[in-house]
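Contents: one structure, followed by commentary.
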Amino acid sequence: MENIVITITRQIGSGGYDLARAISEEFGFKLIDRELVVHAAKILKTDVAYLDKKEERTSSLLEKILSVFSIGTPEIGSLAGSFYPTDAEIFDVQKTVLENFAQNHDIVALGRASFFVFKDHPKHLSVFLKAGLDYRVKNVSKEFNISDKEAIELINQTDKNRNEYIKKMTGLNRCDLRNYDIVLDVSCIGFELTKNFVIDVIKHKFFKNGGGR
Amino acid sequence: MNKWIVTITVMIGTIMSSLDTSIVNVAIPYIQGSMGASLEQITWVSTGYLLSNTIIMPIIALLSSRFGRKNFYMFGIALFTLGSALCGIAWNLYAIVVFRIIQGIGGGVLIPIAQAILREVFPKEEQGMAMGIYGMGVVMGPAIGPTLGGWLIDRYSWPWIFYINLPIGIVALIMVNIFIEDPEFLIREKSKIDFLGLIFMAIGFGTLQIFLADGENKDWFTSQYITHLAIIAGAGIIFFVIRELTIKKPAVDLRILKNINFTLGTLLGGVLGMGLFASLFVLPVFLQNLLGYTAFDAGVAMVPRSLAMALMMPIGGKLFNKFGPKILVSFGLILVIISFFKFANLNLNASFWDIFIPQFLQGSGFGFIFVSVSTSALITIEKSDLTFATSIYNVFRLITGSIGVALAATYVDRGTNAYYSVLTQNVSIFSRNTLEYIARLDQVLGIPFQLPDLKIKEMLNETIMQQAMMLSYNHVYLLIMFIFVLSLPLAFFLKGFKDIKRD
Numbered sequence: 001m002e003n004i005v006i007t008i009t010r011q012i013g014s015g016g017y018d019l020a021r022a023i024s025e026e027f028g029f030k031l032i033d034r035e036l037v038v039h040a041a042k043i044l045k046t047d048v049a050y051l052d053k054k055e056e057r058t059s060s061l062l063e064k065i066l067s068v069f070s071i072g073t074p075e076i077g078s079l080a081g082s083f084y085p086t087d088a089e090i091f092d093v094q095k096t097v098l099e100n101f102a103q104n105h106d107i108v109a110l111g112r113a114s115f116f117v118f119k120d121h122p123k124h125l126s127v128f129l130k131a132g133l134d135y136r137v138k139n140v141s142k143e144f145n146i147s148d149k150e151a152i153e154l155i156n157q158t159d160k161n162r163n164e165y166i167k168k169m170t171g172l173n174r175c176d177l178r179n180y181d182i183v184l185d186v187s188c189i190g191f192e193l194t195k196n197f198v199i200d201v202i203k204h205k206f207f208k209n210g211g212g213r
Numbered sequence: 001m002n003k004w005i006v007t008i009t010v011m012i013g014t015i016m017s018s019l020d021t022s023i024v025n026v027a028i029p030y031i032q033g034s035m036g037a038s039l040e041q042i043t044w045v046s047t048g049y050l051l052s053n054t055i056i057m058p059i060i061a062l063l064s065s066r067f068g069r070k071n072f073y074m075f076g077i078a079l080f081t082l083g084s085a086l087c088g089i090a091w092n093l094y095a096i097v098v099f100r101i102i103q104g105i106g107g108g109v110l111i112p113i114a115q116a117i118l119r120e121v122f123p124k125e126e127q128g129m130a131m132g133i134y135g136m137g138v139v140m141g142p143a144i145g146p147t148l149g150g151w152l153i154d155r156y157s158w159p160w161i162f163y164i165n166l167p168i169g170i171v172a173l174i175m176v177n178i179f180i181e182d183p184e185f186l187i188r189e190k191s192k193i194d195f196l197g198l199i200f201m202a203i204g205f206g207t208l209q210i211f212l213a214d215g216e217n218k219d220w221f222t223s224q225y226i227t228h229l230a231i232i233a234g235a236g237i238i239f240f241v242i243r244e245l246t247i248k249k250p251a252v253d254l255r256i257l258k259n260i261n262f263t264l265g266t267l268l269g270g271v272l273g274m275g276l277f278a279s280l281f282v283l284p285v286f287l288q289n290l291l292g293y294t295a296f297d298a299g300v301a302m303v304p305r306s307l308a309m310a311l312m313m314p315i316g317g318k319l320f321n322k323f324g325p326k327i328l329v330s331f332g333l334i335l336v337i338i339s340f341f342k343f344a345n346l347n348l349n350a351s352f353w354d355i356f357i358p359q360f361l362q363g364s365g366f367g368f369i370f371v372s373v374s375t376s377a378l379i380t381i382e383k384s385d386l387t388f389a390t391s392i393y394n395v396f397r398l399i400t401g402s403i404g405v406a407l408a409a410t411y412v413d414r415g416t417n418a419y420y421s422v423l424t425q426n427v428s429i430f431s432r433n434t435l436e437y438i439a440r441l442d443q444v445l446g447i448p449f450q451l452p453d454l455k456i457k458e459m460l461n462e463t464i465m466q467q468a469m470m471l472s473y474n475h476v477y478l479l480i481m482f483i484f485v486l487s488l489p490l491a492f493f494l495k496g497f498k499d500i501k502r503d
């Protein structure tokens with residue numbers, strides 16, 4: 001029997017992690033966030049910090065070239081004491097790790113193109129969480145303890161990185177709402193209502209409407 | 001410590017050391033002439049450096065933690081610089097080989113320690129970039145080495161390829177002293193060094209090299225000397241393997257070879273090393289001695305290979321995830337095989353493009369193979385064992401490289417004699433071809449020659465000798481090509497990220 005997979009794609013500052021944790025606590029689903037990075041780092045023989053830096057963003061051309069030369073050269077030999085995998089390698093490994101988790105547990109996966117990974121999964125619910133800029137700036141400046149101006153810069157950069165990442169890895173437009181089952185604006189209806197609504201949808205879809213276990 | 005100043009500081013030593021893997025090759029014909037050595041004997045200038053690199057490599061981490069990283073790094077630079085200066089003033093073959101060994105020990109220290117220093121000053125998330133910048137620096141050395149070496153030789157003389165390291169070495173020493181500090185958490189360990197294992201390794205592989213180089217000359221096992229060499233080499237290698245498998249802290253942890261994927265990758269890396277170093281050694285000699293290139297032109301002729309490697313490595317890296325090592329390594333091997341086949345069919349009228357194209361193909365092939373084999377070999381190794389595994393991979397590559405150089409030179413020397421003897425059998429005043437050749441000389445030079453004339457004999461002899469050498473170079477390239485052909489099936493057993501994920 002297939003396990004339930006909830007994927008949450010979120011704009012930074014919209015409360016995606018809080019929603020994922022709430023779903024995880026409500027249903028006892030496994031929350032896949034940091035664990036994914038740690039597992040992927042282990043498989044890729046690289047540092048977690050290196051993968052953290054690569055999180056949901058694509059490498060520049062210079063970074064791509066440099067990562068190859070970090071292997072070494074034919075004359076000098078191998079320099080590897082660690083691997084510095086490419087974006088595609090990281091994505092592929094994270095995809096496999098996500099699929100492995102989903103084989104063994106009901107999961108809530110946060111970001112990292114998980115909506116795409118499970119697009120054909122029979123028990124998948126994809127959620128896109130958005131919010132107005134003011135709402136996000138407030139959350140981001142509080143979470144990272146930075147000024148509003150810095151928060152705006154961070155938001156713009158993160159949105160750009162995530163959009164490019166999804167486009168490159170999946171070929172899809174991250175902001176195309178047709179990719180998701182539910183799209184919610186947290187700044188419009190508030191976090192509590194958002195959370196309760198998503199929980200209700202999960203109950204309805206997987207536990208009540210003949211689709212449950 | 002400012003990480004960029006540290007980067008520049010360690011890069012100076014690194015480029016100096018990596019330059020020496022290739023700069024000497026264009027000087028070989030000149031050193032050979034100065035020392036009155038045969039090609040086979042002069043290989044020790046190259047292989048002495050490679051072998052001393054090999055021997056120091058497994059104990060660098062231990063020595064570094066015992067004496068302090070900064071001290072050991074400075075020792076490496078000082079030894080390398082001193083070795084360079086001594087090489088420049090070497091008065092005979094034995095002297096230059098000993099000085100190259102000294103230089104090789106110093107040079108072998110620089111690259112791994114520089115890496116360790118960089119890993120310390122850059123945070124983990126930036127280490128990929130730091131190693132990439134470092135790798136690009138490492139690529140630069142061998143790429144500019146032959147051209148720079150050629151220019152120095154043509155402009156001054158061969159000792160200057162060694163003297164050039166003096167000012168650079170001194171600047172590097174001063175900068176390391178000022179800008180590099182050992183981190184406080186670096187504990188000076190006094191762990192035991194497996195000297196016995198290293199001695200067995202040096203005896204085993206050093207003697208194996210002499211055995212392979214002298215074997216054909218002495219008609220292999222009909223000679224007592226060769227039989228003794230074989231016994232010593234065999235015993236050295238067997239004792240080395242037993243020792244490394246049975247002691248707790250071996251110099252080279254051979255137990256990692258239980259990992260079949262790593263062993264396959266290491267074998268392929270060894271074939272790559274053998275072909276690469278043999279070719280790097282033989283080509284400049286061939287271009288200068290047979291095609292009449294100047295040292296500078298021979299250096300420039302080596303650029304397409306380095307250029308192709310630098311271009312194809314990023315492409316290979318990008319394609320690795322998509323196609324995996326089996327396809328990429330096979331493709332790279334096929335390019336290399338074609339390139340050696342082209343070299344094996346060169347003649348004395350070879351044009352610029354006849355050299356450029358196979359060089360470019362070879363560089364492209366090496367680029368694809370190296371990226372894929374290095375990644376694949378180490379991909380199944382646990383992260384905690386990566387440093388040991390990398391060391392074994394590199395040690396094996398250097399050993400096979402050194403054997404490759406020795407074999408190539410031996411076969412060029414022997415082949416020349418053998419082909420000369422075959423060709424001269426067909427040259428006589430009763431031979432139609434000989435008479436036609438002399439008639440052509442008449443036409444070309446416009447001088448009527450009378451047989452038997454000493455001048456004609458000399459010219460004929462020179463032509464035959466050149467042809468014999470050409471054929472022997474062709475023969476060596478064909479041999480290298482066959483080694484790559486034989487290694488082709490190994491490529492199909494390598495694993496990529498996709499295989500690891502499946503596992």
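These protein sequences, in sequence, are chains E and Z.
With the numbering used here applied, the first sequence covers 1 to 213.
With the numbering used here applied, the second sequence covers 1 to 503.
Don't be surprised by glycine CBs; every beta carbon is placed ideally from N, CA and C.
(Q) My assumption, with CB atoms under 8 Å, is that Ile-237(Z) sits in contact with Gly-270(Z). Please give the rounded CB distance. (A) Not a contact, Cβ separation roughly 14 Å.
Q. Considering only residues of the segment 348–375 of chain Z, which uninterrupted beta strand (DSSP E) runs meet the minimum length of 3 residues and lie entirely inside it, listed in chain order?
A. none
Q. In terms of DSSP beta bridges, what is Ile-8(E) paired with?
A. Leu-110(E) and Val-127(E)
Q) Taking only beta-carbon atoms, is Val-493(Z) less than 7 Å away from chain E? A) The sequence shown places Phe at residue 493(Z), not Val. Closer than 7 Å: no.
Q) In three-state DSSP terms, what is Ser-14(E)? A) coil
Q.
If I follow the unbroken beta strand (DSSP E) through Asp-182(Z), where does it start and stop?
A. Here Asp-182(Z) belongs to no beta strand (DSSP E), and DSSP marks it neither H nor E.
Q: State the Cα-Cα distance for the pair Phe-207(E) and Lys-3(Z), rounded to the nearest angstrom.
A: When rounded, the distance between both Cα atoms is 56 Å.
Q: On the DSSP bridge assignment, give the partners of Gly-273(Z) in chain order.
A: Answer by DSSP bridge pairing: none, since Gly-273(Z) is not bridged.
Q. Would the beta-carbon of Phe-277(Z) fall within 7 Å of that of Gly-401(Z)?
A. yes
Q) Using the C-alpha atoms, what's the distance from Asn-3(E) back to Gly-317(Z)? A) 36 Å
Q: Can you give me the Cβ contacts of Ile-76(E) inside the same chain, cut-off strictly under 6 Å, excluding the 5 residues immediately before and after it?
A: Contacts found: none.
Q: Using a cut-off of 9 Å between C-beta atoms, extract the partners of Met-309(Z) located in chain E.
A: Thr-73, Pro-74 and Glu-75
Q. Under 7 Å, do Phe-83(E) and Leu-44(E) count as touching if we go by C-beta distance?
A. yes
(Q) Going by DSSP, what residue range makes up the alpha helix (DSSP H) through Leu-45(Z)? (A) According to the sequence shown, residue 45(Z) is Val rather than Leu. Its alpha helix (DSSP H) spans residues 39–56.
Q. Where does Ser-306(Z) sit, in a helix, a strand or coil, going by DSSP?
A. helix
Q: Have a look at Ala-22(E), Gly-72(E), Ile-182(E) and Ile-152(E) and flag the residue whose alpha-carbon is nearest the alpha-carbon of Ala-310(Z).
A: Gly-72(E)
**Q.** CB contact check: Leu-79(E) to chain Z, cutoff 7 Å
**A.** Yes, Leu-79(E) counts as interfacial toward chain Z.
Q. Are Tyr-477(Z) and Phe-340(Z) close, meaning C-beta to C-beta below 7 Å?
A. yes
Q. Hey, out of Gly-132(Z), Trp-91(Z) and Ile-59(Z), whose CA is closest to Gly-106(Z)'s CA?
A. Ile-59(Z)
Q. DSSP three-state call for Gly-212(E): helix, strand or coil?
A. Low confidence applies here, because Gly-212(E) scores a pLDDT of 49, under 50, leaving its location unreliable and the question unanswered by this model.
(Q) Quick test of your reading: Ala-406(Z) and Thr-43(Z), contact by CB under 8 Å. State the CB separation rounded to the nearest angstrom. (A) 5 Å
Q | Alpha-carbon to alpha-carbon, Ala-113(E) and Glu-126(Z) | A | Distance from the CA of Glu-126(Z) to the CA of Ala-113(E), rounded to the nearest whole angstrom, comes to 24 Å.
Q: Work out the CA separation of Thr-9(E) and Ile-199(E) for me, nearest whole Å.
A: 16 Å
Q) Can you tell which of Ala-301(Z), Ile-242(Z), Ala-439(Z) and Ile-199(Z) has its C-alpha closest to the C-alpha of Leu-51(Z)? A) Ile-199(Z)
Q. Can you name, in chain order, every residue of its own chain whose Cβ lies under 8 Å from the Cβ of Phe-211(Z), other than the five neighbours on each side?
A. Ile-226, Leu-229, Ala-230 and Ala-233
Q. When the Cα atoms are used, what is the spatial distance from Val-97(Z) to Ile-56(Z)?
A. Those two C-alpha atoms are separated by around 17 Å.
(Q) Can you give me the C-alpha to C-alpha distance between Thr-9(Z) and Val-37(E), rounded to a whole angstrom? (A) 34 Å
Q | Contacts around Val-93(E), its chain only, beta-carbon distance under 7 Å, and the 5 residues preceding and following it disregarded | A | Ala-40, Ile-43 and Leu-44
Q) Among the residues of its own chain, which have a CB less than 6 Å from the CB of Phe-191(E), if the five just before and after it don't count? A) Gly-15
Q: Identify whether Thr-73(E) lies in helix, strand or coil by the three-state DSSP scheme.
A: DSSP places Thr-73(E) in strand when its eight states are reduced to three.
Q. Is it true that the segment 176–192 of chain E meets the segment 126–137 of chain E, where meeting means three or more beta-carbon pairs spaced less than 8 Å apart?
A. yes
Q.
Pop quiz: Leu-346(Z) and Met-469(Z) are said to be a contact at Cβ under 8 Å. What is the actual Cβ separation, rounded to whole angstroms?
A. The Cβ separation is near 12 Å, so there is no contact.
Q: Taking Arg-397(Z) as the query, report the chain E residues whose CB atoms sit under 7 Å from its CB, ordered along the chain.
A: Result: Gly-77.
Q: Look up Lys-249(Z) in the DSSP assignment and say whether it is helix, strand or coil.
A: coil
Q. Just how far apart, CA to CA, sit Thr-81(Z) and Phe-99(Z)?
A. 11 Å
**Q.** Residues that Leu-184(E) bridges to, as DSSP identifies them
**A.** Assignment of beta-bridge partners to Leu-184(E) by DSSP yields Leu-129(E).
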